[in-house]
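Protein chains in written order, with our numbering: chain A, 1 to 459; chain B, 1001 to 1459; chain C, 2001 to 2459.
Yeah, the Cβ is synthetic: ideal placement off N, Cα and C, and Gly gets one too.
Below is one structure, written out as structure tokens; the observations come after it.
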């Protein structure tokens, strides 16, 4: 009797069990037949619910790739817009391929607690193929509560998210091909290795580190890679003056940036909600609803806090702060969106939204040039969200800090090495002329908005 | 034996019942165990279907917030684009927070028939928390056919829709902070009170008023608040000439407005389809499919009618009329999207789409300045759709009129008071200079499209 | 005993069967009662899963209409942008109405193998209406495994896709009303007739032609109609010089084109995944996950191949090639997205993406003016994808060729006749002055971006 079967005595699952009270022999037969899952849901329905939840959550997270593309398109200058679009669709593509080739298995293969495993290509296994051929369904269902490729699809869109974070920060000066090589390494190796520590059941999970949907594992990882890259590549030409003042290089298309933020917000329901990893019981469904609620309220808290704090600090309401406030709120709740007191989510999100109002100018003071504010919204808020689980979410604060620091140290060192090697070999940065001209003309030979005349503000 | 159990004799649910025919004692045990829902769906699956339908429908409706943001961004002038983006993301955030703090309970708390109830914060109750802890699932499932927060999430996105309607009409001259205070009152108090009359089981429901997904309760409510606001705030400077002629102030970015309309159309499948409020039986699923079909066909009818009528009346095909035709078609079918003769939906939507071709210029004649046409598309079409239920949808026409008038009177009076108080205290309108300069520079200190030179048409 | 019942002896479905081993009389009663579907899913849950999958997949495909609108808006010139937006929302509307009026029944009515059937209007039948009234659920569930209107909704969005393909190719010079008449014929008659050959169970299905989600039936059909139209209408004024050189007429808004591509990519999960046509068994769910995976990987392969091949051939990375590479990858896998070796999907998509890098300039050499590259991405890649099923997907290559050629011949002849009749009666093409001025001003009397000054590149 395997674990699934042992659990069938839960209420609602006990058609067979009830019979057993009166007619043992009959019940023995029936138990083998009416094969309920761990919940009161028939085992095959259970499998379908779980699989379908992965697919729906997955397509929502996939949609976040469009969100990053629009956010970044809106926040770069016109002359670099086509280039950032190309980087975004290319990095999403590469992330999927690399995660298929080696990444997924490296993260979830379970070889040891520091490194999941290694295997080329990830396809359905023999039991699943047999089931698809109509063989061995009962045994298959006892061993599998979802389709393997539905989980692959869901996890794959997460690695793409991590890569999307990087492209925004180092936009407007990084060369296309070296950046793509970085994405290959990040999505095929770096992300999976650190992911295996927690979600692959490795040493951080053993220690009790808690990161529900990836404040640290996805958002901070992208943020660390972005931060390291921004430092090694350097700031955009003309961004910082010798006297310490900063030249604003405002985004060219704020409605697109707004659209991108709404897309991210929508996709985040899949990101956090899908991280329940199951829909096959009433509890799973109720948890998913709780996660949706907290996700929405944290984002709302982030927006409101960013607007109010901007008004107080800068005496202005600010659209880009509000957008980054939404993202920071979302990132903040991602480590622990399973709070049953939703007021806490508003507060956690609001703190995340407030932090970035200070974090964005602080980075400028440090002359770290983050084009879209991704380091603030994903890394800083990701750290806050991971800590918050240790404060109000039932996690151990010390272990949360260990997780944050370990993942951070790993990402700083490894992505630093990769950026550095790319810098000294291929070169990471376009020429000064190309940067001046814009990457669209220099690298792609095209313009994003070829017919629009440019006004006096063009930089 | 509660109501759920009494209904378990439906076909497909009667494993236990069939046994009862031959072995009464055994069947008694089994009935307690195989606990089917009102449909032939096991009770826990029933709960999951219903909950998941709320979540999916909810994220579709949430997406409508992006639709309104894009529609309005596309239909205002460039100088007010960042401001309208900020208002949209802020109002969506505030709506969620207010509906959590007091709105949802006020609407569905059920204190009496004129006012749902009052309670601060809306969190999962003890029975649900116990279930999530693994206790008392059978009793919980008998008392709850969906997760409470999934319903909260679904209803919350509706109140945000009502608020979104307002921002478009009074764009380009309303101040940010007074507008946000209006949103606080609308989403926390006004919308929930009138909503309790029908969806909260209050006096309009008792009377037989029928509004499936909110032609009146959501769209007209937003429309009334917008109309009242437009009258109290006044028209944009330069919109109407002394001789009665109108200066066109065309939208700056029509592809964005088109995108916004498509987003709304997509979201409306959740809006209307999710308002079936259940997916746990074959009938629920079939009704949801019927609602999807009618929703799509009514929108299609609205588009085609708006284009044809525009061609006849203005001798021109017109994109913004087509877009508003789609929205009017959608609003028109929202009160009764459960028609089983789908031809009626095309007709209802087409009438909605045709009406706005006359309604939009009529408002201009009355010097009511509705920047995006929301009063026509949401209020006028909402009234038509609510009446249509009394004509072909099985509703009582007199009661439908009573519902329309009651909600209208309530909203005119209450939102009128709120707008007026804001006007005489904080002031509702930016200064003439700020309006001339544009809200983006005046209120936000930024531009939506800072690099694009502006042509001769800039107003 | 009908077919569904005969299949109830599958594992997991055999509560009754197991009982039969010990107590034949009791089991006979129980078998009638516990009415499991073909899978181990209770029959009413089975119906809900299938219906819900159609609705979710359907709204994803509906979203593709927005994708085409944005892609085409981004790839035309500013002066034709409002017109292409109008065409896209109008064609989606007309497609739905025509498919309701006659198209769906013509495709699936099953009169004979060359022509499905003819019947006006498509509404739920008597059995479904009775079920919705609470009558005859068991009999209804045995005869219906999904709601009829959920299937209508899903199939309807496919015909809209075919029409969307056409609008892009012949943009910037076709008149609005003749184009809409073409759409009426295409969606009401041409698409359904050829669709009946395969998906309506007609002669191509009998022969063994395999087209899972419509590389040929949807994408090539749109592509053939577009190609025929482009030839009959002729190239845009000034596109081709007498000396054989080509004047680039670059798209005006590349971030919108990027957004459109991401929308299509997202919608394609519904397009291909929903074409599993069921979700009611573990195998259905697992197949759907496999289809999602292949769809994503083929698109990714298309992007990467298009970028690399562009770099090699043109010495440039190219955004529009990458976008069309994604679409070509998606179209290529659409005929056979049920491969269990996902590496094949990457390869099939990559070949599709590589092909269009050669196909796009080839069409220009032939002076066939395809504004957005739709003939390459949908027709050429559609042929490749259909062939690929005969090469690695288990199909018969000869039969695949027969299917491609038959559908192609039918579409060339019939759409050629329609285009020709429209040309000699109403005229297909706007006047030279109108084309010069742009369709927005000439046909709609409006501008898509009225405030933006236009630079020197304006053509």
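Mind pulling the beta strand (DSSP E) runs of 3 or more residues that sit fully within the segment 133-219 of chain A? none
Any idea which residues DSSP pairs residue 2094 of chain C with across the strands? Paired residue(s): none; residue 2094 of chain C is not in a bridge.
Under the DSSP definition of a beta bridge, which residues are partnered with residue 246 of chain A? A/240
Anything in chain B within Cβ reach of residue 303 of chain A, meaning under 9 Å, just list it in chain order. 1089, 1090, 1092, 1093, 1094
Candidates C/2403, C/2369, C/2435, of which the one nearest residue 2176 of chain C by Cα: C/2435
Starting from the beta carbon of residue 1288 of chain B, find every residue of chain C whose beta carbon is closer than 7 Å, and list them in chain order. 2055
Residue 1042 of chain B by DSSP, collapsed to three states: which one? strand
Can you list, in chain order, the residues of its chain whose CB lies under 6 Å from that of residue 2439 of chain C, leaving out five sequence neighbours each side? 2080, 2083
So, is the C-beta of residue 1040 of chain B closer than 8 Å to a C-beta in chain C? yes
Can you list the alpha helix (DSSP H) stretches of 4 or more residues lying completely in the segment 2059-2091 of chain C, in chain order? none
Among the candidates B/1294, B/1164, B/1365, B/1126, whose CA atom is the shortest distance from the CA of residue 341 of chain A? B/1126
State the start and end residues of the unbroken alpha helix (DSSP H) segment that holds residue 1107 of chain B. 1104-1108
Inter-residue spacing [alpha-carbon to alpha-carbon] between residue 2321 of chain C and residue 2352 of chain C: 12 Å
Could you tell me whether the Cβ of residue 337 of chain A comes closer than 8 Å to any Cβ of chain C? no
Would you call the segment 1148-1159 of chain B and the segment 1056-1070 of chain B touching, i.e. three or more CB-CB distances under 8 Å? yes
Assuming residue 1228 of chain B and residue 1415 of chain B are in contact, meaning their beta carbons sit under 8 Å apart, how far apart are those beta carbons, in whole angstroms? 5 Å
Can you list, in chain order, the residues of its chain whose CB lies under 8 Å from that of residue 426 of chain A, leaving out five sequence neighbours each side? 175, 177, 178, 181
Pull up the distance between the alpha-carbon of residue 2253 of chain C and that of residue 1314 of chain B, whole angstroms please. 30 Å
Under the assumption that residue 2113 of chain C contacts residue 2202 of chain C (Cβ atoms under 8 Å), give the Cβ distance between them as a whole number of angstroms. 4 Å
Between residue 47 of chain A and chain B, is there a C-beta pair that is closer than 8 Å? no
Provide the residue span of the alpha helix (DSSP H) that contains residue 1350 of chain B, from first to last. 1342-1365
Quick check: what's the CA-CA separation for residue 1409 of chain B versus residue 1105 of chain B? 23 Å
Nearest residue (CA-CA) to residue 1400 of chain B, options B/1212, B/1054, B/1168, B/1256: B/1212
Just checking my contact of residue 332 of chain A with residue 348 of chain A at CB under 8 Å: how many whole Å lie between their CB atoms? 5 Å
What's the C-alpha gap between residue 1225 of chain B and residue 1088 of chain B? 16 Å
Pull up the distance between the alpha-carbon of residue 355 of chain A and that of residue 380 of chain A, whole angstroms please. 8 Å
Would you verify that the beta carbon of residue 1450 of chain B is, or is not, closer than 8 Å to some beta carbon of chain A? yes
Could you tell me which chain B residues have their CB closer than 8 Å to the CB of residue 273 of chain A, listed as they occur along the chain? 1055
Measure the beta-carbon distance from residue 2428 of chain C to residue 2233 of chain C and round it to whole angstroms, keeping in mind my assumption that it falls under 8 Å. 5 Å
Given residue 94 of chain A, which residues of its chain have a CB within under 8 Å of its CB, disregarding the five upstream and five downstream residues? 163, 180, 183, 184, 187
For residue 108 of chain A, which residues of its own chain have a beta-carbon under 6 Å away from its beta-carbon, when the five flanking residues on both sides are left out? 116, 200
Taking Cβ to Cβ, would you say residue 266 of chain A is nearer than 8 Å to residue 411 of chain A? no
Residue 2025 of chain C: buried (16+ other C-beta within 10 angstroms of its C-beta) or exposed? A caution first: residue 2025 of chain C carries a pLDDT of 36, below 50, which makes its placement in the model unreliable, though a value can still be read off. That one is exposed.
Going straight from the alpha carbon of residue 2324 of chain C to that of residue 2251 of chain C, what length do you get? 13 Å
Beta carbon proximity, residue 1425 of chain B to chain C, threshold 8 Å: no
Are there any heavy atoms of the ligand NAP lying less than 7 Å away from the beta-carbon of residue 2140 of chain C, as far as the coordinates show? In the structure on display, the ligand NAP does not appear, and there are no ligands present to speak of.
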